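Here is the structure we will look at.
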Amino acid sequence: MKRTKADLLLHPVRMRIVQAFVGGRHLTVQQIGEMLPEIPQATLYRHFNVLRQANLLTVVGRNKVRGTEEKIYALAEQGGNLNADDLKDASREDHLRYFMAFMANLLGDLDHYLQHKSDNMAADGFGYRQANVYLSDEEFEAFLQNVRTAVQNVIQNEPAPHRRRRTIATIFIPEPRKEQSKIKHDGEAER
Numbered sequence: 001m002k003r004t005k006a007d008l009l010l011h012p013v014r015m016r017i018v019q020a021f022v023g024g025r026h027l028t029v030q031q032i033g034e035m036l037p038e039i040p041q042a043t044l045y046r047h048f049n050v051l052r053q054a055n056l057l058t059v060v061g062r063n064k065v066r067g068t069e070e071k072i073y074a075l076a077e078q079g080g081n082l083n084a085d086d087l088k089d090a091s092r093e094d095h096l097r098y099f100m101a102f103m104a105n106l107l108g109d110l111d112h113y114l115q116h117k118s119d120n121m122a123a124d125g126f127g128y129r130q131a132n133v134y135l136s137d138e139e140f141e142a143f144l145q146n147v148r149t150a151v152q153n154v155i156q157n158e159p160a161p162h163r164r165r166r167t168i169a170t171i172f173i174p175e176p177r178k179e180q181s182k183i184k185h186d187g188e189a190e191r
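UniProt numbering puts the sequence shown at residues 1 to 191.
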């Protein structure tokens, strides 16, 4: 069975690898391993190769290291993104499976944080919320653009001693559209 792009990306280990590249980073496999020390090396290499063979990662440079060549990788164009075309043939069950993989990745991050819980979770910026908002399609698009801009302003930040990695996850679940025709009490649609 051929794996879809969603199947490839929505695996907890591969998702972590892709996240390491977000912001246009160029990394070697060794650097990724340093960024993700909790992933065993053999597992990291196996999943890295899956992404590479699927052309979701591309070689952007090479370094000479002690007589050998070390490749530098980046995400291929749109390599880390799922767009409408990638999901157009996904069934209801596929979407549920993809969402569960997405949530499993978040749960893994949460578990890792809670194992090393600090004394002041609020100062760490830890939290989770849910809010229902009412927006027209135009208002939602404007809101979404503001979110994209805010994330884009910080996504390019490189790891540094004074910075901590913080996971930002967005989930937008609209209510189903109401039917255009009014339904009479007896179940027949008005015309």
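All residues carry an ideal CB built from backbone N, CA and C; glycine is no exception.
Treat the numbers as computed from the prediction; the structure is a model and nothing was measured.
Going along the chain, which residues of its own chain have a beta-carbon closer than 7 Å to the beta-carbon of residue i, five neighbours each way excluded?
i, result
"Ala169", "Leu106"
"Thr43", "Val13"
"Asp186", "Summary for Asp186: the model assigns pLDDT 49, below 50, so the residue's position carries little reliability; its value from the coordinates is reported in the next sentence. Once the five neighbours on either side are set aside, Asp186 has no close Cβ partner at all."
Could you check if residue i is buried or exposed, using at least 16 other CB atoms within 10 Å of its CB as the buried criterion?
i, result
"Val29", "buried"
"Val60", "exposed"
"Leu114", "exposed"
"Tyr134", "exposed"
"residue 200", "Because residue 200 is not part of the residues shown, which for the chain are 1 to 191, the question remains open."
"His11", "buried"
"Ala122", "exposed"
"Ile32", "buried"
"Met100", "exposed"
"Gly46", "For the record, residue 46 in the displayed sequence is Arg; it is not Gly. Under this definition Arg46 is an exposed residue."
"Arg172", "Note on identity: in this sequence residue 172 is Phe, with Arg being the wrong assignment. With fewer than 16 other Cβ atoms within 10 Å, it is exposed."
"Arg16", "buried"
"Phe143", "exposed"
"Ser181", "Reliability of the predicted coordinates at Ser181 is poor, the pLDDT of 44 falling under 50, and the value obtained from them is presented with this limitation in mind. It counts as exposed."
Where does the unbroken alpha helix (DSSP H) through residue i begin, and where does it stop?
i, result
"Ala84", "Ala84 to Leu87"
"Ala123", "Met121 to Asp124"
"Phe128", "This sequence places Tyr at residue 128; Phe is not what is there. Here Tyr128 belongs to no alpha helix (DSSP H), and DSSP marks it neither H nor E."
"Gly33", "Val29 to Met35"
"Ile17", "Pro12 to Phe21"
"Gly108", "Arg92 to Gln115"
"Glu139", "Asp137 to Ile155"
"Gln41", "Gln41 to Gln53"
"Ala6", "Lys5 to Leu9"
Which residue marks the beginning of the beta strand (DSSP E) containing residue i, and which one marks its end?
i, result
"Ile72", "Thr68 to Leu75"
"Leu57", "Leu57 to Val65"
For residue i versus residue j, is the C-beta distance shorter than 8 Å?
i, j, result
"Asn63", "Glu70", "yes"
"Val18", "Leu75", "yes"
"Gly79", "Leu110", "no"
"Ala90", "Ala6", "yes"
"Ala20", "Leu36", "yes"
"His112", "Glu34", "no"
State the CB to CB distance for the pair residue i and residue j, rounded to an integer number of angstroms; the pair is presumed to be in contact (CB under 8 Å).
i, j, result
"Gly23", "Gln156", "5 Å"
"Val50", "Leu9", "No, Val50 and Leu9 are not in contact; Cβ-Cβ is about 10 Å, not under 8 Å."
"Gly125", "Arg166", "6 Å"
Which same chain residues, not among the five before or five after residue i, have their C-beta less than 8 Å away from its C-beta?
i, result
"Thr149", "none"
"Ile72", "His26, Leu27, Thr28, Val59, Val60, Gly61, Arg62 and Asn63"
For a cutoff of 8 Å on Cβ pairs, would you count residue i as touching chain C?
i, result
"Glu70", "Absent from the structure: chain C. Only one protein chain is present."
By Cβ distance, which residues of its chain are closer than 6 Å to residue i, with the 5 residues on each side in sequence left out?
i, result
"Ala118", "The sequence given here has Ser at residue 118, not Ala. Around Ser118: Asp124."
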